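Numbering (the numbering used here), first residue to last: 398 to 872.
Everything on this sheet refers to the single structure shown next.
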Amino acid sequence: MAATLTGSGIALGFSCSAKISKKATSSSSSSNRCCIKMSVSVEEKKKNFTLQKSEEAFSAAKNLMPGGVNSPVRAFKSVGGQPVVIDSAKGSRMRDIDGNEYIDYVGSWGPAIIGHADDEVLAALAETMKKGTSFGAPCLLENVLAEMVISAVPSIEMVRFVNSGTEACMGVLRLARAFTGKEKFIKFEGCYHGHANSFLVKAGSGVATLGLPDSPGVPKSATSDTLTAPYNDLAAVKKLFEANKGEIAAIILEPVVGNSGFITPKPEFIEGLRRITKDNGALLIFDEVMTGFRLAYGGAQEYFGITPDLTTLGKIIGGGLPVGAYGGRRDIMEMVAPAGPMYQAGTLSGNPLAMTAGIHTLKRLSQPGTYEYLDKITKELTNGILEAGKKTGHAMCGGYISGMFGFFFTEGPVYDFSDAKKSDTEKFGKFFRGMLEEGVYFAPSQFEAGFTSLAHTPEDIQFTIAAAEKVLSRI
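Rendered as structure tokens:
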């Protein structure tokens, strides 16, 4: 079940047939959720809300780290207000160093799909740590996680683990160029594939959040082979192939965009890209760092029934620890060293802690009812927020698929980054700050998707909807 982008204020569901070629999960179950009760009333929380300690810590951090953070969006520059400094997280909740508690819809930007600090994952990590934290040599845990990924993701016959989504995208692009003997590639405006030079052209995520056209320090030579097109625009893609005959190695895309806000593909878009790449001897790459194991157990490619040639993964497959991966057809992957000549390496790649957390996270996700439950609560959350916007007179649109969602302060529909930029970011900032005071933590950017988890309860969802209506009525 997915949701259309609509200006009416209601997210309307439509069915999408998914070709399940490998392992899938079904049937609703609530056994995997944990609930932490709110310890004080909403009004008491508001009265006691302070960020004094966070302010002091962040002030000190700005003298130690650029902008006070290690990833730009955390500085709250696009939403205003004081960044919160987190002390702990458990289940669906986070607590800052001032003692404020939040229902969290960021989930560490996606990995926390079974909830923060899951007891089984923590216990497994404790056992692994007794044996060591990093070996710089093969370990059996790599085999286990690799087998799980290969059995789940339709396109992946072999996989290489790395340490981040950026590394995964760097490696997969180099591989596509090596396999095809071509150098140019197509990416879509507003899509984010990490901070490597060739991807920082009309990028999303923090680049969009901060309103940067592109990043200084990227030489023209590094982006001369980067071609861009609007998302959901097949005609533009066809024109690029016509203008660059025989020169394009691959198309890379977020099959569902999460780095320009939440944007779904038109029904014919991904199918059209699959056809165009096959017709032109190019590879189709799904960047599923965000959507992998989130939209379905087999990712967006299972959900939409379209199999790419190569896939990148991250976030969820590390269970909250640093990880990335790329994989695909065996004949392509066998070009990767040491099996083949395409070189890529990493000191901590396949480290036992990330492998352990990933294994236990995927085990949980493979249980019956996982994705039905995520779909149910995310539908309720998205519809509830949009209905609150309608009641309070705000132009809003939004949508969801499984445990991923988003909304914009614009009539919509939103089909690409140019549509997303019509959103009222000042109003979003007010909404974000108001929700923070109510005890709800959304992504501090209009141009980032939100995430639910198995730890979110129906009570969490109802609390959030009520808080949203309260905040929207004040804006």
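For glycine and all other residues, C-beta sits at the position ideal for the given N, C-alpha and C.
Model, not experiment: these values are computed from the prediction.
Query, Result
"Residues near N748 by beta carbon distance below 6 angstroms, same chain, minus five either side", "S531"
"Between the CA atoms of N460 and A454 - distance to the nearest angstrom", "10 angstroms"
"T775 beta carbon less than 8 angstroms from that of F802", "yes"
"Pairwise C-alpha distance: S815 and G786", "22 angstroms"
"Coarse secondary structure for M801, derived from DSSP in three states", "strand"
"Where V634 falls: helix, strand or coil (DSSP)", "helix"
"Beta-carbon proximity check, T708 vs Y723, cutoff 8 angstroms", "yes"
"Span of the beta strand (DSSP E) around G873", "No information on residue 873 is available, as it lies outside the stretch 398 to 872 that the chain covers here."
"C-alpha distance - G465 paired with R671, whole-angstrom precision", "42 angstroms"
"Where the beta strand (DSSP E) through T625 begins and ends", "T623 to A626"
"Classification of E564 by the beta-carbon crowding that lies within 10 angstroms, buried from 16 upward", "buried"
"Straight-line Cα distance separating Q698 from S621", "30 angstroms"
"Which of helix, strand or coil DSSP assigns to E498", "strand"
"CB contact flag (G507, F805, <8 angstroms)", "no"
"For H513, the three-state DSSP class (helix, strand or coil)", "strand"
"Among K827, G826, G809 and L692, nearest to K819 - alpha-carbon criterion", "G809"
"Burial state of Y740 (16 or more Cβ within 10 Å)", "exposed"
"Residues bridged to Y838 [DSSP beta-bridge criterion]", "D501"
"C431 classed as buried or exposed, judged by whether at least 16 other C-beta atoms fall within 10 angstroms", "Bear in mind that the predicted position of C431 carries a pLDDT of just 44, short of 50, making it unreliable; the figure below should be weighed with that in mind. Per the 10 Å Cβ criterion, buried."
"Distance, H590 Cα to E452 Cα", "32 angstroms"
"Pair within 8 angstroms by beta-carbon distance, E539 and M752", "yes"
"Proximity to I703 [Cα-Cα], best of G715, K675, K712 and K827", "K675"
"Which listed residue (F585, Q764 and F828) has its alpha carbon closest to that of N656", "F585"
"Assumed close pair F576, L631 - CB separation to whole angstroms, cut-off 8 angstroms", "The Cβ separation is near 24 angstroms, so there is no contact."
"Distance between P841 and K827 (C-alpha atoms, nearest Å)", "11 angstroms"
"Identity of the residue in M793, S595, K712 and R727 nearest I756 by Cα", "K712"
"Entirely enclosed alpha helix (DSSP H) segments - the segment 629-704, minimum 4 residues", "631-640, 666-676 and 696-701"
"Span separating the alpha-carbon of N560 from that of A742", "10 angstroms"
"Sequence-distant residues of the same chain with beta carbon closer than 7 angstroms to A472, five excluded per side", "G464, G465, V466 and P480"
"Proximal residues to L718 (C-beta, below 7 angstroms), its chain only, five neighbours per side dropped", "L750, A751 and A754"
"Buried or exposed (CB count within 10 angstroms, at least 16 for buried), M462", "exposed"
"Three-state class that DSSP yields for C536 in the structure shown", "coil"
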